[in-house]
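Peer 1: I have a structure I would like to understand better, so I am pasting it below and will then ask my questions one at a time.
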Amino acid sequence: MKISGTTLDLSATDYGITLDPTFTMLEFDGLRVLPVQTEPLITGHMPASVPVAAPQQSSMNLCAICADRATGKHYGASSCDGCKGFFRRSVRKNHAYTCRFSRQCVVDKDKRNQCRYCRLRKCFRAGMRKEAVQNERDRISCRRESQGVGTLTIDVLMQAEACTHQNPSQNPMRDIKTKKIAGVSDVCESMKQQLLLLVEWAKRIPEFCELSVDDRVALLRAHSAEHLILGVARRSLPYNDIILLGNDFIIPVRGTEQEMSKVATRILEELVRPLKELNITDTEFVCLKTIVFFAPDCPGLQGTQAVRRLRFQAQVLLDEATSEQRGRFGELLLLLTTLQSVAWQMVEQLQLMRLLGKANVDNLLMEMLLGEEASRGSEALPITLEKNKCLIKLNVHL
Numbered sequence: 004m005k006i007s008g009t010t011l012d013l014s015a016t017d018y019g020i021t022l023d024p025t026f027t028m029l030e031f032d033g034l035r036v037l038p039v040q041t042e043p044l045i046t047g048h049m050p051a052s053v054p055v056a057a058p059q060q061s062s063m064n065l066c067a068i069c070a071d072r073a074t075g076k077h078y079g080a081s082s083c084d085g086c087k088g089f090f091r092r093s094v095r096k097n098h099a100y101t102c103r104f105s106r107q108c109v110v111d112k113d114k115r116n117q118c119r120y121c122r123l124r125k126c127f128r129a130g131m132r133k134e135a136v137q138n139e140r141d142r143i144s145c146r147r148e149s150q151g152v153g154t155l156t157i158d159v160l161m162q163a164e165a166c167t168h169q170n171p172s173q174n175p176m177r178d179i180k181t182k183k184i185a186g187v188s189d190v191c192e193s194m195k196q197q198l199l200l201l202v203e204w205a206k207r208i209p210e211f212c213e214l215s216v217d218d219r220v221a222l223l224r225a226h227s228a229e230h231l232i233l234g235v236a237r238r239s240l241p242y243n244d245i246i247l248l249g250n251d252f253i254i255p256v257r258g259t260e261q262e263m264s265k266v267a268t269r270i271l272e273e274l275v276r277p278l279k280e281l282n283i284t285d286t287e288f289v290c291l292k293t294i295v296f297f298a299p300d301c302p303g304l305q306g307t308q309a310v311r312r313l314r315f316q317a318q319v320l321l322d323e324a325t326s327e328q329r330g331r332f333g334e335l336l337l338l339l340t341t342l343q344s345v346a347w348q349m350v351e352q353l354q355l356m357r358l359l360g361k362a363n364v365d366n367l368l369m370e371m372l373l374g375e376e377a378s379r380g381s382e383a384l385p386i387t388l389e390k391n392k393c394l395i396k397l398n399v400h401l
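Quick note: to get the working numbering, add 3 to the position in the sequence shown (first position is 1).
Structure follows, in structure tokens:
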């Protein structure tokens, strides 16, 4: 079915036509914008008892590109969030798509990802304007400059992660047989190693380095436990009944250390399993990690507004990364509540093992994980904490 003069093109594609790779987005500037549908899509006799919705209202509630539910008028056309994000990315990155067929591919809710050329072509024909995307970017850039904060980008976050990410095993299921079960001391050593990597990761984000030293220390201390849990959950994605520590030791869910196994079980069931089901991408992971890190509510923070803007930028990046799948953005953010709960339990267990003399918790763990809670049992500890805070500041500077 083909309807002339409308923004909806439901005609079937003839895939037998010879491929022409010369179709690029260069011609989009001269495309004629099609009028919005104002008549019923299907004509014919209908029973008088069947109510017919107002056609104009119905068409305005649909995306002019793929006929999914529209969320508003974006860049000049009524569209869904998926097509809005697709158009924005295409214009900003100046993509030159090609159609493998006859430039007549079906673009609907189910097939909109099959041909990016035809989808972008339909965006322009629906009335989307690339100038609107550029104007939006200029406004955001001016606002950020006036607010004195840089702009986070996916490239910077991915590079920071790559510099501190340990290479995963090529055959994790086979290599797991050679790994040793972790004791309490091994867990503490892994925590220390990962906290130092967290400092290195943060230092590779220019916007973090623009903050004051005290604010940098406050951010590193605020949610370090969540970062440890998030990292171990990501490393454990290939496994079903163990978690893999950063120092290559493992914690089985049915291990002899019951308290550690309880935390391991929660990590597997409440974090690893949902992340597997979502099939989280590297881009989504670094965005989620950055959202956790830039916490405007952390104690001792002075530049609250700057940190809040950085977190918002990370949320925008995550939204762009998940815009093709409705609800995915929310599902990922909902995991942060679970992440915080598991992190609190881990810190409580660490504190308990320290008090029982089972764990040798060094100054770095005391400062970044236990914080002021650990200072209640020793009069000399505040001095140690202050010295260690200076050590963190030194690491931040280096």
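In this text, a Cβ means the ideal position worked out from N, Cα and C, and glycines have one as well.
1. Tell me, please, which residues DSSP counts as bridged to G360.
2. Can C73 and S82 be called in contact, C-beta distance under 8 Å?
3. Give the straight-line distance between the Cα atoms of N116 and N282, rounded to the nearest whole angstrom.
4. Please return the same chain residues whose Cβ sits closer than 7 Å to the Cβ of T268, not counting the five positions on each side in sequence.
5. For E370, count neighbouring Cβ atoms within 10 angstroms of its own Cβ and tell me buried if that reaches 16, exposed if not.
6. Return the first residue and the last residue of the alpha helix (DSSP H) that H98 is part of.
7. Going by other Cβ atoms of all chains shown within 10 Å of its Cβ, with 16 needed for buried, is K87 buried or exposed?
8. Helix, strand or coil for K76? Go by DSSP, reduced to three states.
9. Tell me, please, which residues DSSP counts as bridged to I246.
10. Going by alpha carbons, who is nearest to S188 out of R357, L373, L372?
11. Leaving out five residues before and five after A205 in sequence, what residues of the same chain have Cβ atoms less than 6 Å from its Cβ?
12. Opposite L65 in the DSSP bridges: which residues?
13. Within its chain, find whatever has a CB closer than 6 Å to the CB of E203; leave out the 5 residues flanking it on each side and keep chain order.
14. For L240, which residues of its own chain have a beta-carbon under 7 Å away from its beta-carbon, when the five flanking residues on both sides are left out?
15. Would the stretch 216-227 count as touching the stretch 304-315 if we require 3 or more Cβ pairs under 8 Å?
16. Determine, using beta-carbon pairs with one atom in the stretch 353-368 and one in the stretch 323-332, whether at least three such pairs fall under 8 Å.
17. I need the straight-line Cα distance from F104 to R122, nearest angstrom please.
18. For S215, does the three-state DSSP call read helix, strand or coil?
19. Hey, out of V295, F90, K125, N250, whose CA is closest to L223's CA?
20. Suppose you measure from the CA of K292 to the CA of S326; what does that come to, to the nearest Å?
21. From E262 to R91, what distance separates their C-alpha atoms?
22. Just verifying my parser: in three-state terms, what is the DSSP assignment at S93?
23. Would you mind reading off the limits of the alpha helix (DSSP H) that contains G330?
24. Does the beta-carbon of K183 have 16 or more other beta-carbons within 10 angstroms, so that it is buried, or is it exposed?
25. Using only CA atoms, which one of I253, L198, I157 lies nearest to T1?
26. In this structure, how does DSSP classify S82 when only helix, strand and coil are distinguished?
27. When DSSP builds the beta bridges, which residues end up paired with I184?
28. Mapping DSSP to helix, strand and coil, what is L240?
29. DSSP state of D285, grouped into three classes?
30. In three-state DSSP terms, what is N366?
31. To the nearest angstrom, report how far apart L336 and D244 are at their CA atoms.
32. Who are the Cβ neighbours of M349 in its own chain at under 8 Å, not counting the five residues just before and after it?
33. Starting from the Cα of D84, find the closest Cα among E272, K133, I68, F127 and give me that residue.
34. With DSSP collapsed to three states, give me the class of A298.
35. Report yes if the C-beta distance between L248 and V190 is below 8 Å; otherwise report no.
36. Alpha carbons only, please: which of D365, R238, V94 is nearest the one belonging to V136?
Peer 2: So, from the listed chains and residues:
1. Paired residue(s): none; G360 is not in a bridge.
2. Going by the sequence as given, residue 73 is Ala instead of Cys. In contact: A73 and S82 (Cβ atoms closer than 8 Å).
3. Going by C-alpha positions, N116 is about 18 Å away from N282.
4. Cβ neighbours of T268 beyond the five flanking positions: V256.
5. Classification of E370: buried, given that the 10 Å Cβ count is 16 or more.
6. Taken as a continuous stretch (DSSP letters only), H98 belongs to no alpha helix (DSSP H), as it is neither H nor E.
7. With 16 or more other Cβ atoms from the protein chains shown falling within 10 Å of its own Cβ, K87 counts as buried.
8. For K76, the secondary structure class from DSSP, reduced to helix, strand or coil, is strand.
9. In DSSP, I246 forms a bridge with I254.
10. Closest by alpha carbon: R357.
11. Short of 6 Å from the beta carbon of A205, and not among the five residues preceding or following it, lie these beta carbons of its own chain, in chain order: F211.
12. Paired residues: R72.
13. Only T167 meet the Cβ criterion.
14. Result list for L240: V275, L278, K279, in chain order.
15. Between the stretch 216-227 and the stretch 304-315, the count of Cβ pairs shorter than 8 Å is three or higher; the stretches touch.
16. At 8 Å Cβ cutoff, the stretches do not touch.
17. Rounded to whole angstroms, F104 to R122 spans 13 Å at the Cα level.
18. Residue state, collapsed to three classes: coil.
19. Out of V295, F90, K125, N250, V295 has the C-alpha closest to the C-alpha of L223.
20. Between the C-alpha atoms of K292 and S326 there is a straight-line separation of about 18 Å.
21. For E262 and R91, the distance between alpha carbons rounds to 48 Å.
22. Shown here, S93 sits in a helix according to DSSP, grouped into three states.
23. Taken as a continuous stretch (DSSP letters only), G330 belongs to no alpha helix (DSSP H), as it is neither H nor E.
24. In the assembly as shown, K183 is an exposed residue. Its beta-carbon has fewer than 16 other beta-carbons within 10 Å.
25. The structure shown does not extend to residue 1, since the chain is modelled only from 4 to 401, so the question has no answer here.
26. S82 falls in the strand class under three-state DSSP.
27. For I184, which the question treats as bridged, DSSP gives the partners I253.
28. Three-state DSSP puts L240 in coil, outside helix and strand.
29. D285: helix per DSSP, three-state reduction.
30. Here DSSP, grouped into helix, strand and coil, assigns N366 to helix.
31. The straight-line gap separating the alpha-carbon atoms of L336 and D244 is approximately 25 Å.
32. Closer than 8 Å at the Cβ level, and outside the excluded window around M349, lie A228, L231, I232, V266.
33. That would be I68, whose Cα lies nearest to the Cα of D84.
34. If DSSP states are grouped into helix, strand and coil, A298 belongs with coil.
35. Remark: C-beta atoms of L248 and V190 approach each other more closely than 8 Å.
36. From the listed residues D365, R238, V94, the smallest Cα separation to V136 is found for V94.
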